[in-house]
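In our numbering, the protein residues as written are 742 to 961.
Just so it is clear, CB atoms sit at the ideal spot from N, CA and C, and this is done for glycine as well.
Remarks on the structure that follows.
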Amino acid sequence: WPRRDLPHHYWVFVEGRRFHSNQLNTWILPPERNITIINFTVIRDRYTVRDRYTLVNDALSPQEIERLTRRPVTKVSLREVQKPEEAGSGLDEVRIYRPQIKQEQVTPKNSLPREEAEKKIRLAEEAGPEQVEVIHRQESSLLERTQKLELEQLKRKAEEETRQAPPQEKQRKLTELQARIEELKKKHEQEKQELQKRQAEEKKVIRKEDLRRKSEEEKK
742 WPRRDLPHHY WVFVEGRRFH SNQLNTWILP PERNITIINF TVIRDRYTVR DRYTLVNDAL
802 SPQEIERLTR RPVTKVSLRE VQKPEEAGSG LDEVRIYRPQ IKQEQVTPKN SLPREEAEKK
862 IRLAEEAGPE QVEVIHRQES SLLERTQKLE LEQLKRKAEE ETRQAPPQEK QRKLTELQAR
922 IEELKKKHEQ EKQELQKRQA EEKKVIRKED LRRKSEEEKK
């Protein structure tokens, strides 16, 4: 990839075939995969501004997205609305509410102390042991499946490059590509270990929180 200022853990990846999903968060790959994906892929972005205000990423064509997802891309029109309750989407249009924002300091009507706000956010984000188990199984499945696909793609590429190489270069090319495959396998094993370590730590935290919550409920 070209140089980017964002750290690797800022990126979020999904499989191309899931690009159409209405619930992308279900298909986000474990963050342990990020470094390998960044190193083995090429970033494609070509942003243009249309009509002064509309930012468009022209890097991927609708045809390419259709090929990846095996689903047709539906073209919709954008329409601005005057009220927030009118915003939404239909079969052939997306309705957007864009109010004028005043650049001034505004004091909110209600506010919470920082500690209380953090507590409320933490409680809202807490998941029970059963939910965490489901999330962990999904993460492990995504990791294994995408690693397998990645390895298969590299092997196909290696076979193609070796087949096209001149006779005197075939052995050297084969050795180089085999080294790349072994390197990828090592990275995959490292990802798996890091995922298992993180999941074990998360389970410990959840168990402690679950015990604390049950203890507080018993005291009431």
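Closest by C-alpha distance to residue i, when choosing among the options
i: Q934; options: Q905, L892, P771, H761; result: P771
i: E874; options: G757, K945, N851, Y794; result: K945
i: K938; options: S881, K889, N763, E756; result: S881
i: S762; options: R812, R791, V797, V783; result: R812
i: T903; options: P748, I947, R878, Q919; result: Q919
i: Q940; options: Q909, H877, I922; result: H877
i: L883; options: W752, T767, A828; result: T767
i: W752; options: P840, F760, I778; result: I778
i: V817; options: E834, A828, P908, Q894; result: E834
i: G831; options: D799, L819, K824; result: L819
i: I769; options: Q905, D799, T887; result: T887
Inter-residue spacing [alpha-carbon to alpha-carbon] between residue i and residue j
i: E805; j: P870; result: 40 Å
i: L853; j: E930; result: 45 Å
i: W742; j: R953; result: Because the pLDDT of W742 is 43, which lies under 50, any placement of that residue in the model is unreliable, and the number read from its coordinates should be weighed accordingly. The straight-line gap from Cα to Cα measures roughly 45 Å.
i: N780; j: L925; result: 10 Å
i: E950; j: Q872; result: 14 Å
i: R793; j: T916; result: 52 Å
i: I947; j: N851; result: 31 Å
i: H749; j: I776; result: 6 Å
i: L892; j: E910; result: 23 Å
i: S802; j: R855; result: 45 Å
i: A899; j: E807; result: 27 Å
i: P840; j: D786; result: 29 Å
i: A865; j: E885; result: Only weak support exists for where A865 lies, its pLDDT of 47 falling under 50; the coordinates are left without a value.
i: A800; j: Q894; result: 22 Å
i: P908; j: E901; result: 14 Å
i: K914; j: Q905; result: 10 Å
i: G829; j: Q912; result: 59 Å
i: E927; j: T795; result: The residue you asked about is not Glu; residue 927 is Lys in the sequence shown. Those two C-alpha atoms are separated by around 43 Å.
i: R759; j: Q879; result: 14 Å
For residue i, the residue or residues it bridges with in DSSP
i: T815; result: Answer is none; T815 lacks a bridge partner.
i: V783; result: Beta-bridge pairing links V783 to no other residue.
i: N798; result: Y788
i: S830; result: V835
i: E821; result: I837
Residue i vs residue j beta-carbon contact at 8 Å
i: E942; j: R774; result: no
i: V822; j: I842; result: no
i: G757; j: T810; result: yes
i: V783; j: T789; result: no
i: I922; j: K889; result: no
i: V755; j: L765; result: yes
Any C-beta of chain D under 8 Å from that of residue i
i: P870; result: Absence of chain D from the displayed structure is noted, only one protein chain being present.
Fully enclosed by the stretch 867-950, which alpha helix (DSSP H) runs are 4 residues long or longer? 870-905
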